[in-house]
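**Q**
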Amino acid sequence: MSETATARRAALDAGAPMVELRGISRRFEKKLDFAGRIAQRLGAPVREETVHAVDNVDLTIRKGEVVGLVGESGCGKSTLGRMVAGILPPSDGTILRDGIDVLSLSAAEAREINLRTQMIFQDPYASLNPRMRVADIVGEAPLVHGLVTRAGYDAYVDEQMRRAGLDPAFKRRYPHQFSGGQRQRIGIARALAVKPDFIVCDEAVAALDVSIQAQILNLFMRLRTELDLTYLFISHDLGVVEHLSDRVVIMYLGRVVEEAPAETVFARPNHPYTQSLLASVPRIESRKRAFSVVKGEIPSPLNPPSGCHFHPRCPHAMERCKLEKPVLKEVAPGQRSACHLNDAA
Amino acid sequence: MAAPTLEVRNLRTHFFTRAGVVKAVDDVSFTVERGKVLGLVGESGSGKSVTGFSIIGLVDPPGRVVGGQILFQGRDLARISEEEMRDLRGNRIAMIFQDPMMTLNPVLRVDTQMIETVLAHKKVSAEEARQRARDTLGMVGIPSPDERLKSYPHQFSGGMRQRVAIAIALLHEPDLIIADEPTTALDVTIQGQILAEVQKLAATTGTSLIWITHDLSVVAGLADDIAVMYAGRIVEKGDVSAVLDAPLHPYTSGLIGSVPSRNKRGEPLRQIPGMTPSLLNLPPGCAFRSRCPRAAEACLAEPEIRELLPGRQVRCFHPLSETSEQAA
Ligand SMILES: Nc1ncnc2c1ncn2[C@@H]1O[C@H](COP(=O)(O)OP(=O)(O)OP(=O)(O)O)[C@@H](O)[C@H]1O
Ligand SMILES: Nc1ncnc2c1ncn2[C@@H]1O[C@H](COP(=O)(O)OP(=O)(O)OP(=O)(O)O)[C@@H](O)[C@H]1O
Ligand code: SF4
Ligand code: SF4
Ligand SMILES: [Mg+2]
Ligand SMILES: [Mg+2]
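As given, the protein sequences belong to chains A and B, one line each in that order. For the first sequence, this note's numbering assigns the number 1 to the initial residue and increments by one for each residue that follows. For the second sequence, this note's numbering assigns the number 346 to the initial residue and increments by one for each residue that follows.
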């Protein structure tokens, strides 16, 4: 056993989290468009802009947990998810997998870790090769990585398909011959075929009809117990996140603003943004009521407001909120929030 | 009571494709009273948009309205000339789409588009038209409309663009607005803002609304009445509270049951098995048969929609009773 493998075993035995992010940031340079480049060449004061897609985030995901990640479009959910899944390097910060800094892993170990972390996307169609048969989509990676032999291949593919709720009789079909819900099942079968222990779902049910969404969510929950999986579940749908998460993380413009057990977030949200978000969600229980309204637009991540990013929309904003960035700190057991109001009391 | 704004009777819109006839809308009837909001719900492909397009006469070949009446203030829209329809469209009847760029012209400034729309149906001065544009932008919650009027659509956020599209629909104070999933692509705080504005408008202007969506929760808060579509037909309709509190059709019940918030946290969601059938060559009988927990021999025949309780209509041989077996 290599040195790191030994260290990892020790870390896992000591209950190291599945994933831990320490001060993770990701910036993107927004390239100038053609007009911008011309203008720049002519001496106009235009510069490439930097998007702080994810800004100094700490996050811990324990083994066996389902962590829900919510927030409005552009707040950095997918960027964070891709870094957690190891397919996008952070600009700053440290990612620990099983308690070990992923940068310290050997190439072989990194490959193994990458295999054990799988990502499932919103649009399964875009991530499925249209010219491959379902059997190959599901079976290719396990074969390449030696998880299955040629002899066991057919039986293995059948088992993966059945587990995701697909009839193996259809394994010679192509992706376009399936419905949206079935394509999502293909994506799930493909992800699970390489025996991951950690799944990042990015809006995995967003494109599905309610009745099909319920089927897929049930599948995710069943697989969680059957295979002892850990999930980071990214969704803009608070109802979905409430239903299946143990813990919920709320982001706004690149920062985590609140983090708490699911019951707590929905029963006693602390952060004014969380409160606004919850109040805006239409509920099937509501009847002809006035929709509650959060003022203002979501600011551009290219030019976020100073201090607390939420201050232009916050009903409680104070002078301090414009100047000083609130830090995320514990406000109740297991509940962390980044709001200056918590200092006032 | 005043005559309803819209009365759709036995509407049938079919697509004559090479693979066969797609009965996208089949025997659809509903009424929208003045100042009321009808929520038209159903899953993807159930015929919601085609119903909306049929009303405003925008069904393109190979599709065609093949039967029924569309009585708008007593006039049958299925039988008027293209010219008469054009005159009504954008004037007395307006449509809002999921993608606001279906309404907006990307190469024209917002003020140009709005003023042209006003002038298309009204003989007023350009200055009066501009004033009208400014007022409607204010009505949909756009701050500093003067400045906004000088912008191009791409300079707005998605939510703002949708507001402009709604403002354009409102320019002539139409009697009927057909809104096809206009907030589906928007963030929840922005959706909340728009729904609040729309609710206020419906209450104050007397405009009738058909709000098309797959989201039962939006309809719950917004609509007076609800019509649930499945495979081209309305399977249940009635007062929103009555239907959502005690659905009579097994499909409505299943749909409500699969909404996560209607289930205990962490428990498996109630789910409808199977998937929606293809509308191409639907087998005879009830289209929900293969997924229905109450299906029986009788369901091999086609159920007619009937009034089961006062104001409650359902298309089913074995509806849920008022008291038993409701989705919790
Ligand atoms: N490859 C990239 N290049 C430049 N900017 C990017 C890139 N990826 C993301 N961004 C920017 O980073 C910010 C966060 O994007 P991200 O996709 O993570 O948001 P999100 O929360 O997943 O949004 P959505 O709900 O719309 O999926 C956005 O402003 C986005 O435009
Ligand atoms: N141009 C067309 N040619 C053939 N079939 C069509 C055409 N347009 C629509 N249809 C069919 O009509 C049916 C109803 O479509 P419609 O767009 O009304 O559904 P919808 O309820 O609005 O769904 P969604 O929620 O996905 O918008 C679908 O089965 C669709 O395939
Ligand atoms: S820090 Fe200030 S602006 Fe930010 S959420 Fe708290 S009160 Fe509102
Ligand atoms: S008619 Fe029969 S199959 Fe159709 S919904 Fe009613 S019980 Fe179910
Ligand atoms: Mg995303
Ligand atoms: Mg539609």
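By construction, the Cβ of each residue, glycine as well, lies at the ideal position given by its N, Cα and C atoms. Given the structure is predicted, the values throughout are model-derived calculations rather than measurements.
Tell me the start and end of each unbroken alpha helix (DSSP H) in the stretch 457–493 of chain B that is at least 4 residues and wholly inside, in chain order.
**A** Counting whole runs of 4 or more residues, the stretch 457–493 of chain B contains the alpha helix (DSSP H) stretches 471–484.
**Q** Counting only beta-carbon separations shorter than 7 Å, does Ile557/B have a partner in chain D?
**A** The structure shown contains no chain D; its protein chains are A and B.
**Q** What's the call for Ala78/A, buried or exposed, on a 16-neighbour Cβ count within 10 Å?
**A** By 1-based counting over the first sequence, the position of residue 78/A is 78. Per the sequence presented here, residue 78/A reads as Ser, with Ala not at that position. Looking at its Cβ environment, which holds 16 or more other Cβ atoms inside 10 Å, Ser78/A is buried.
**Q** Taking 7 Å as the CB-CB cut-off, is Met1/A touching chain B?
**A** Stepping through the first sequence from its first residue, residue 1/A is reached at position 1. Residue placement at Met1/A cannot be trusted, given a pLDDT of 48 that sits under 50; what the coordinates show is reported in the next sentence. Chain B, which has no Cβ nearer than 7 Å to the Cβ of Met1/A, makes this no.
**Q** Assuming contact is defined by CB atoms lying nearer than 7 Å, are Ala191/A and Gln160/A in contact in what I supplied?
**A** Taking the first sequence and counting its residues from 1, the one referred to as residue 191/A is at position 191. Taking the first sequence and counting its residues from 1, the one referred to as residue 160/A is at position 160. The answer is no: Cβ separation not under 7 Å.
**Q** Measuring only from the beta carbon, is Arg634/B closer than 6 Å to any heavy atom that is part of ligand 4?
**A** Mapped onto the second sequence, residue 634/B falls at position 289. Yes, Cβ of Arg634/B sits closer than 6 Å to a heavy atom of ligand 4.
**Q** Could you give the DSSP three-state label for Cys637/B: helix, strand or coil?
**A** If you number the second sequence from 1, residue 637/B lands on position 292. Cys637/B falls in the coil class under three-state DSSP.
**Q** Based on Cα-Cα distance, which residue from His316/A, Leu232/A and Arg82/A lies nearest to Gly68/A?
**A** The residue labelled residue 68/A in the question sits at position 68 within the first sequence. It is Leu232/A.
**Q** Pro301/A to Lys609/B, Cα distance in whole Å?
**A** Your numbering for residue 301/A matches position 301 in the first sequence. Your numbering for residue 609/B matches position 264 in the second sequence. If I take the Cα positions, the gap works out to 36 Å.
**Q** Could you give the DSSP three-state label for Cys339/A: helix, strand or coil?
**A** Counting from one through the first sequence, the residue named residue 339/A turns up at place 339. Reduced to three states, the DSSP call for Cys339/A is coil.
**Q** In whole angstroms, what is the alpha-carbon distance linking Arg493/B and Val455/B?
**A** Stepping through the second sequence from its first residue, residue 493/B is reached at position 148. Stepping through the second sequence from its first residue, residue 455/B is reached at position 110. Computed Cα separation, rounded: 8 Å.
**Q** Ser389/B touches chain A at which residues, Cβ-Cβ below 7 Å?
**A** Taking the first residue of the second sequence as 1, we reach residue 389/B at position 44. Correct list: Asp209.
**Q** Let me know the secondary structure DSSP gives Ser73/A once reduced to three states.
**A** Walking along the first sequence from the start, residue 73/A turns up at place 73. Coil, per DSSP.
**Q** Assess, as a yes-or-no matter, whether the stretch 351–362 of chain B is touched by the stretch 604–621 of chain B under the definition of 3 or more beta carbon pairs within less than 8 Å.
**A** Result no; under three Cβ-Cβ pairs closer than 8 Å.
**Q** How many Å lie between Glu330/A and Glu259/A at the Cα?
**A** Taking the first sequence and counting its residues from 1, one reaches residue 330/A at position 330. Taking the first sequence and counting its residues from 1, one reaches residue 259/A at position 259. Between Glu330/A and Glu259/A, the C-alpha separation is close to 9 Å.
**Q** So, at 6 Å on beta carbons, what are the nonlocal neighbours of Arg434/B in its own chain, with the 5 sequence-adjacent residues on each side left out?
**A** The residue you call residue 434/B lines up with position 89 of the second sequence. The residues are Ile401.
**Q** Just the C-alpha distance for Arg37/A and Pro592/B, rounded to the nearest angstrom, thanks.
**A** Here the question's residue 37/A lines up with position 37 in the first sequence. Here the question's residue 592/B lines up with position 247 in the second sequence. Distance between the alpha carbons of Arg37/A and Pro592/B: 60 Å.
**Q** Quick one: what's Leu627/B bridged to in DSSP?
**A** On the second sequence, position 282 is the one that residue 627/B refers to. Leu627/B is not bridged to any residue.
**Q** Would you kindly work out how many angstroms separate the C-alpha atoms of Gly74/A and Asp532/B, rounded to a whole number?
**A** Counting from one through the first sequence, the residue named residue 74/A turns up at place 74. Counting from one through the second sequence, the residue named residue 532/B turns up at place 187. The alpha-carbon atoms of Gly74/A and Asp532/B are separated by roughly 10 Å.
**Q** Comparing C-alpha positions only, which one of Gln507/B, Gly619/B, Ser606/B and Ala547/B sits nearest to Glu378/B?
**A** On the second sequence, position 33 is the one that residue 378/B refers to. Among Gln507/B, Gly619/B, Ser606/B and Ala547/B, the Cα nearest to that of Glu378/B belongs to Ala547/B.
**Q** Near Phe375/B, which residues of its chain fall below 7 Å by C-beta distance, leaving aside the five closest residues on each side in sequence?
**A** In the second sequence, the residue the question calls residue 375/B occupies position 30. The answer, listed in chain order, is Val353, Leu383, Ala572, Ile579 and Lys582.
**Q** In this structure, what does DSSP give as the bridge partners for Pro261/A?
**A** Against the first sequence, residue 261/A aligns to sequence position 261. Bridge partners of Pro261/A: Arg247/A.
**Q** Taking only three categories from DSSP, how would you classify Leu208/A?
**A** To locate residue 208/A, count along the first sequence from 1; it is residue 208. Residue state, collapsed to three classes: coil.
**Q** Take Pro664/B as the anchor and find which of Ile460/B, Ser470/B and Arg639/B has the nearest alpha-carbon.
**A** Taking the second sequence and counting its residues from 1, the one referred to as residue 664/B is at position 319. Among Ile460/B, Ser470/B and Arg639/B, the Cα nearest to that of Pro664/B belongs to Arg639/B.
**Q** Within 7 Å (strictly less), CB to CB, does Gln177/A reach chain B?
**A** Position 177 of the first sequence, counted from the start, is the residue given in the question as residue 177/A. No, Gln177/A lies away from the interface with chain B (no Cβ there is under 7 Å from its Cβ).
**Q** Ser394/B: beta carbon under 6 Å from a heavy atom of ligand 6?
**A** Position 49 of the second sequence, counting from 1, holds the residue named residue 394/B. Correct: Ser394/B has its Cβ closer than 6 Å to ligand 6.
**Q** Do Ser91/A and ligand 1 come close, with the Cβ less than 6 Å from some heavy atom?
**A** Residue mapping note: residue 91/A aligns to position 91 of the first sequence, counting from 1. Every heavy atom of ligand 1 is 6 Å or more from the Cβ of Ser91/A, so no.
**Q** According to DSSP, simplified to helix, strand and coil, what is Lys393/B?
**A** By 1-based counting over the second sequence, the position of residue 393/B is 48. Note: Lys393/B maps to helix in three-state DSSP.
**Q** Identify whether Arg437/B lies in helix, strand or coil by the three-state DSSP scheme.
**A** In the second sequence, residue 437/B corresponds to position 92, counting from 1. Residue state, collapsed to three classes: coil.
**Q** Can you give me the Cβ contacts of Pro326/A inside the same chain, cut-off strictly under 6 Å, excluding the 5 residues immediately before and after it?
**A** For this step, residue 326/A is matched to residue 326 along the first sequence. Only Cys308, Ala338, Cys339 and His340 meet the Cβ criterion.
**Q** Residues in its own chain within less than 7 Å of Asp491/B by CB, not counting five upstream and five downstream?
**A** For this step, residue 491/B is matched to residue 146 along the second sequence. Correct list, in chain order: Arg479.
**Q** Let me check you understand the geometry: is the CB of Gly74/A closer than 6 Å to at least one non-hydrogen atom of ligand 1?
**A** Within the first sequence, numbered from 1, the residue matching residue 74/A stands at position 74. Answer for Gly74/A: yes, Cβ within range of ligand 1.
**Q** Would you say the beta carbon of Pro301/A is closer than 6 Å to some non-hydrogen atom of ligand 1?
**A** Within the first sequence, the letter at position 301 stands for residue 301/A. Yes - ligand 1 has a heavy atom lying nearer than 6 Å to the Cβ of Pro301/A.
**Q** Using the beta-carbon count (16 or more within 10 Å), is Ala510/B buried or exposed?
**A** Here residue 510/B corresponds to residue number 165 of the second sequence, with the count starting at 1. Buried: at least 16 other Cβ atoms inside 10 Å.
**Q** Under 7 Å between C-beta atoms, does Arg610/B make it to chain A?
**A** Taking the second sequence and counting its residues from 1, one reaches residue 610/B at position 265. It does: the Cβ of Arg610/B has a partner Cβ on chain A nearer than 7 Å.
**Q** Quick one: grab the DSSP three-state call for Ala347/B.
**A** In the second sequence, counting from the first residue as 1, residue 347/B sits at position 2. Residue state, collapsed to three classes: coil.
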